[in-house]
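Number of protein chains: 2
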Amino acid sequence: MGLDKSATKPHEALSAVLAEDMAAVNTLITQRMASKHAPRIPEVTAHLVDAGGKRLRPMLTLAAAKLCGYTGPFHIHLAATVEFIHTATLLHDDVVDESGQRRGRPTANLLWDNKSSVLVGDYLFSRSFQLMVETGSLRVLDILANASATIAEGEVLQLTAAQDLRTDESIYLQVVRGKTAALFSAATQVGGVIAQADEDFVQALYDYGDALGIAFQIVDDLLDYQGDSAVTGKNIGDDFRERKLTLPVIKAVAKADAEERAFWVRTIEKGKQVEGDLDHALSLLHKHDTLSATRQDAIAWADKAKDAIALLPDHDIRKMLADLADYVVARIS
Amino acid sequence: MGLDKSATKPHEALSAVLAEDMAAVNTLITQRMASKHAPRIPEVTAHLVDAGGKRLRPMLTLAAAKLCGYTGPFHIHLAATVEFIHTATLLHDDVVDESGQRRGRPTANLLWDNKSSVLVGDYLFSRSFQLMVETGSLRVLDILANASATIAEGEVLQLTAAQDLRTDESIYLQVVRGKTAALFSAATQVGGVIAQADEDFVQALYDYGDALGIAFQIVDDLLDYQGDSAVTGKNIGDDFRERKLTLPVIKAVAKADAEERAFWVRTIEKGKQVEGDLDHALSLLHKHDTLSATRQDAIAWADKAKDAIALLPDHDIRKMLADLADYVVARIS
């Protein structure tokens, strides 16, 4: 990649060039997360929304719209829509995963309760839906409705596939497309659609979001086995302990001999883990070199993302989106 | 009231006259609850959908559309939409209430797990959204998006209001409008909107659904204290044990002397219930005659529902809708 680490990071560069629009998105989010009757709603939402995160998804929508020359007001609504859908899924994910921490802070289900996380998630999902209806674009509604269904389907698939050693790379890709890439690709695609861009451009934006989302999730799964927990805010081996079959392990299972297979059956399928198992799992990932194979996959998806937008008009933002694809995988290089 | 108990029940009469449309709705529901990738989704959904229930809400949409002379295909989509939203909220409610039984069968969260209920609910909600987008009516989308937000808001409000003795009748009404009436009124209203009925008719249908939904929920809350559990499938006093402040208790709290108030504070607010408390609670409801006052409120809402549709065209279905309003409160007469 050869990124100059001292330079501005690409999401910061995007954030700077989109500063005015991002401020409008934040204002709209604050307005729409309010509830006249139920103060619990903005409390829970603010806990997540204020925790920061990079606002990557809404930024992608704004960037796509701007890149396609959009001058209307509705990219703001769509960016807020995308962030609400994302926040709603995070609230529900933390209930499903019984997580206690997110972005280095206690989760909402821990601070309040599962009930609040489920219902506030539902509320935000409904609010996202109201926001997109305001754009008046049936095509945008169609794209976001499909993305929402794909996200939920991916999450359910993950429930059943995660602990099943028959889960191969193609099922993994389906899960990742659902839980992560569907919202990335919808975010970029609706930016193009609202700008009434050419179909080629809309498709390019979709492909970019899809590939970027996949690269993003593969990196996330890789960092779970080799990240620096001070940077990632995650502990090494969380996925292993939670018996989540992700790409590094799927690749190792595919190459496992009988004894190794028995190890994966016991630890992932049966969940009977004992002291030292994580170290042994790591040694198997190293033995079969699956961490580096996983890294290669992530880089290939980032390259695919860059290729996709090559046909878009030459523009500062196109350059930043390409840099963003590099940056996503630079964390593991 | 004076209903002839041997006669066909109004929802059965409606079901008979709408039989062809209801069959189409059921077919569409079965098609759309499928998932290519995640078989868990139709399993969980079928458990609820097949359990029956009266399909009251989709029937209201079909009835409203037919009453307004609609001849197109989209009332089927809207009826399925409404049933999916209803099913999604049931799945999430059972997680929130930690319920083990629904319609006399174990709940999905008990048979599978909370995770499946949360995520399959999200999937159905997304599917409902896809279905309504297919109608191409932005007004319908607006109505259903608003209803969804009102439902979630009502549920969150209930979380915080249910155990708070300051909850008065107006807050109770807000909760009931959210958790129950919002979907009834949206169901009837969109039937009129899709038929492009006059604004007066659309408003009348909305008012009917709103009042019917409120009557329905008040009856439900009343039956919790005086129903026959063999008929209702609920145990007497479930709401009391779950510390849910519903109308009969709200009315009793308003009339409580200091000693009675201390009883409600201990049992509802603090949840420190002991043997014999339910009997004492019932004796207080009888002392202040709040069960009969609650019944009067339900009947008044049913009358309001009938009044609302009086201006609609004379039609068999209008008569059945009026009978339905009577029937809803006949359970407590």
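Quick note, the sequences are listed as chains A and B, same order.
Residue 327 in full-length UniProt numbering sits at position 327 of the first sequence, and the numbers go up by one each step.
Residue 38 in full-length UniProt numbering sits at position 38 of the second sequence, and the numbers go up by one each step.
Quick reminder that beta carbons are idealized off the backbone N, C-alpha and C, glycines included.
The structure presented is a predicted model; accordingly, all values stated were derived computationally and were not measured.
Listed along chain B, no residue sits closer than 9 Å to V49/A by beta-carbon distance, the nearest being about 16 Å off. If the five residues before and after D239/A are omitted, its C-beta is found closer than 6 Å to the C-beta atoms of D224 and T246, all from its own chain and listed in chain order. Near chain A, meaning a CB-to-CB distance below 7 Å, the residues of the stretch 67-100 of chain B are H92, V95 and V96.
Across the set I151/B, D210/B and L131/B, the C-alpha of L131/B shows the shortest separation from the C-alpha of I143/A. Annotation: Cβ neighbours of F129/B in chain A (cutoff 7 Å, chain order): F129, A145 and S148.
Counting along the chain, W301/B sits inside the alpha helix (DSSP H) bounded by residues T290 to A308. Taking all protein chains in view, the Cβ of T27/B is surrounded by fewer than 16 other Cβ atoms within 10 Å, so the residue is classified as exposed. For F184/A, not one C-beta of chain B is nearer than 8 Å to its own C-beta. Under the 8 Å Cβ criterion, the stretch 39-54 of chain B counts as touching the stretch 108-121 of chain B, having at least three qualifying pairs.
Residue state for Q163/A is assigned as coil, using DSSP reduced to three classes. Residues of chain A with a Cβ closer than 7 Å to the Cβ of L141/B are, in chain order, V133 and L141. With contacts defined as CB atoms closer than 8 Å, I85/A and S137/A fail to qualify as a contacting pair. Given a length threshold of 4 residues, each whole run of the alpha helix (DSSP H) inside the stretch 94-144 of chain B is given here in chain order: 108-111 and 114-134. Approximately 13 Å separates the beta-carbon atoms of P248/B and L278/B; this is outside 8 Å, ruling out the contact.
For A34/A, there is no enclosing alpha helix (DSSP H), since its DSSP letter is neither H nor E. Exclusion of the five residues before and after V193/A leaves S137, R139, V140, I143 and V202 as the residues of its chain whose Cβ lies within less than 8 Å of its Cβ. Taking a cut-off of 8 Å on C-beta distances, the stretch 30-41 of chain A touches the stretch 112-128 of chain A, as three or more cross pairs fall below it. Shown here for H288/B: same chain residues with a beta carbon closer than 7 Å to its own, the five before and five after excluded, namely K251, A252 and K255 in chain order.
One finds nothing in chain B with a Cβ atom closer than 7 Å to the Cβ of K270/A; even the nearest lies about 18 Å away. When 7 Å is used as the limit between beta carbons, D122/B is near these residues of chain A: H92 and A152, in chain order. Given a length threshold of 3 residues, the stretch 145-233 of chain A has no whole run of the beta strand (DSSP E) inside it.
L183/A is not a Cβ neighbour of A149/A, given a cutoff of 8 Å. In this structure, the straight-line span from the alpha carbon of L119/B to that of L311/B is close to 43 Å.
As the crow flies, the alpha-carbon of D314/B is around 31 Å from that of E134/B.
Distance from the CA atom of E259/A to the CA atom of V265/A, rounded to whole angstroms, is 10 Å. When only Cα atoms are considered, L14/B and D326/B end up about 14 Å apart. Under the three-state reduction of DSSP, P248/A is assigned to helix. Taking 9 Å as the upper bound on Cβ-Cβ separation, chain A lies near no residue of the stretch 241-256 of chain B. Around the beta carbon of S333/B, a 10 Å sphere encloses fewer than 16 other beta carbons of the protein chains shown; the residue is thus reported as exposed.
Neighbours of E155/B in chain A, taken as residues whose beta carbon is under 7 Å from its own, are L119 in chain order. For I218/B, the closest Cβ of chain A is not nearer than 8 Å.
Residues of the stretch 27-39 of chain A with a C-beta less than 9 Å from any C-beta of chain B: S35, K36, H37, A38 and P39, listed in chain order. Interface flag for F263/B against chain A is unset, since no Cβ pair is found closer than 8 Å. Interface flag for K115/B against chain A is set, since a Cβ pair is found closer than 8 Å. Interface annotation for the stretch 172-206 of chain A against chain B: Q174, criterion Cβ-Cβ distance under 7 Å.
Here T8/B is exposed, its C-beta having fewer than 16 other C-beta atoms within 10 Å.
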